[in-house]
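Numbering (my numbering), first residue to last: 33 to 308. Read the structure below first, then the notes.
Right, here's the structure in full:
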């Protein structure tokens, strides 16, 4: 399972799903999304770049990582993507370009970037719709010039409507999300034709996801990858959870400090610990 982080985040965010997948022999790989290698393209975490493209170029990173894993990790049998916010859109775009991707978890995706920007401007800042349309034409032109992509291409609801039904998707949405309202995930869920799951829960865009929701989504992933929970005894899974807990203790930072965007905690000032 490749974890794809949200905007202004990094691969450290992948730590939030370890305890739900690793006990079931599903490996987790995190990546600092960067888009293209040129410095003018998006960069997160330790990756180079200045701009992010909210999924457009980040999907190329995913393909590069999949190629690397196929070449260097021959024991990998199936690949899934777990994305949050920008990462969930990246996951959908990647699945539309690669039939090897079997399952997606899309946490707080947007259905259409232009529509989302308009909602934020009109509802959040009181910008009249007519004024937004004029201003956004300038913004799109600027983005096309500086970042070399068209915002209109991030019409995710159209892309997911044409996505292969061989892919399975779990959609997550927070009921009080004011950045990407839950209706976006619900619209994408409605348009997708394959096997799907929709989980809504109380919380905001950056809230820590409820444990029961994460477990249900993990069960969905396991079933879609053909890895039933009965494949290994409970004692084996408990041992892996204990080892995972002990490893966290060794690197000496609290779990809630790892990713404040997800948990509301604070990032540790000890850069060495984060690197570990």
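Every residue, glycine too, gets a C-beta built ideally from N, C-alpha and C. Here the structure is a predicted model, which is why all the values come from computation and not from measurement.
Beta-carbon contacts of residue i that lie in its chain and below 8 Å, excluding the five residues immediately before and after
i, result
"residue 226", "195, 196, 197, 198, 199, 200, 201"
"residue 249", "52, 137, 202, 204, 229, 231"
"residue 147", "none"
"residue 214", "205, 206, 207, 232"
Environment of residue i [buried if 16+ CB atoms lie within 10 Å]
i, result
"residue 216", "buried"
"residue 241", "buried"
"residue 108", "exposed"
"residue 209", "buried"
"residue 116", "buried"
"residue 121", "buried"
"residue 234", "exposed"
"residue 93", "buried"
"residue 224", "buried"
"residue 104", "exposed"
"residue 236", "exposed"
"residue 303", "Because the pLDDT of residue 303 is 32, which lies under 50, any placement of that residue in the model is unreliable, and the question is left without a value."
7 Å Cβ cutoff met for residue i and residue j
i, j, result
"residue 228", "residue 221", "yes"
"residue 136", "residue 34", "no"
"residue 206", "residue 155", "no"
"residue 191", "residue 128", "yes"
"residue 110", "residue 257", "yes"
"residue 87", "residue 125", "yes"
"residue 100", "residue 254", "no"
"residue 118", "residue 39", "yes"
Cutoff 6 Å; reference residue i; Cβ partners in own chain excluding five residues on either side
i, result
"residue 150", "164"
"residue 263", "Bear in mind that a pLDDT of 46 at residue 263, under 50, signals an unreliable position, so the model cannot answer this."
"residue 43", "62, 63, 64, 77"
"residue 184", "none"
"residue 193", "223"
"residue 260", "Because residue 260 carries a pLDDT of 38, less than 50, the predicted location of this residue cannot be relied on, and the following value inherits that uncertainty. Within the same chain, residue 260 has no close Cβ partners at all."
"residue 244", "none"
Same chain, Cβ closer than 7 Å to residue i, neighbours up to 5 away in sequence not counted
i, result
"residue 219", "143, 189"
"residue 176", "182"
"residue 246", "52"
Minimum C-alpha distance to residue i - residue among the options
i, options, result
"residue 85", "206, 145, 208, 223", "145"
"residue 309", "58, 131, 36", "What is shown of the chain runs 33 to 308, which leaves residue 309 out entirely."
"residue 141", "254, 247, 257, 37", "37"
"residue 45", "170, 193, 139", "139"
"residue 17", "102, 245, 186, 174", "Past the boundaries of the shown model lies residue 17; the chain is included only from 33 to 308, so the question cannot be answered."
"residue 186", "167, 123, 60, 214", "123"
Nearest-angstrom Cβ-Cβ length linking residue i and residue j, presumed shorter than 8 Å
i, j, result
"residue 130", "residue 152", "Not a contact, Cβ separation roughly 30 Å."
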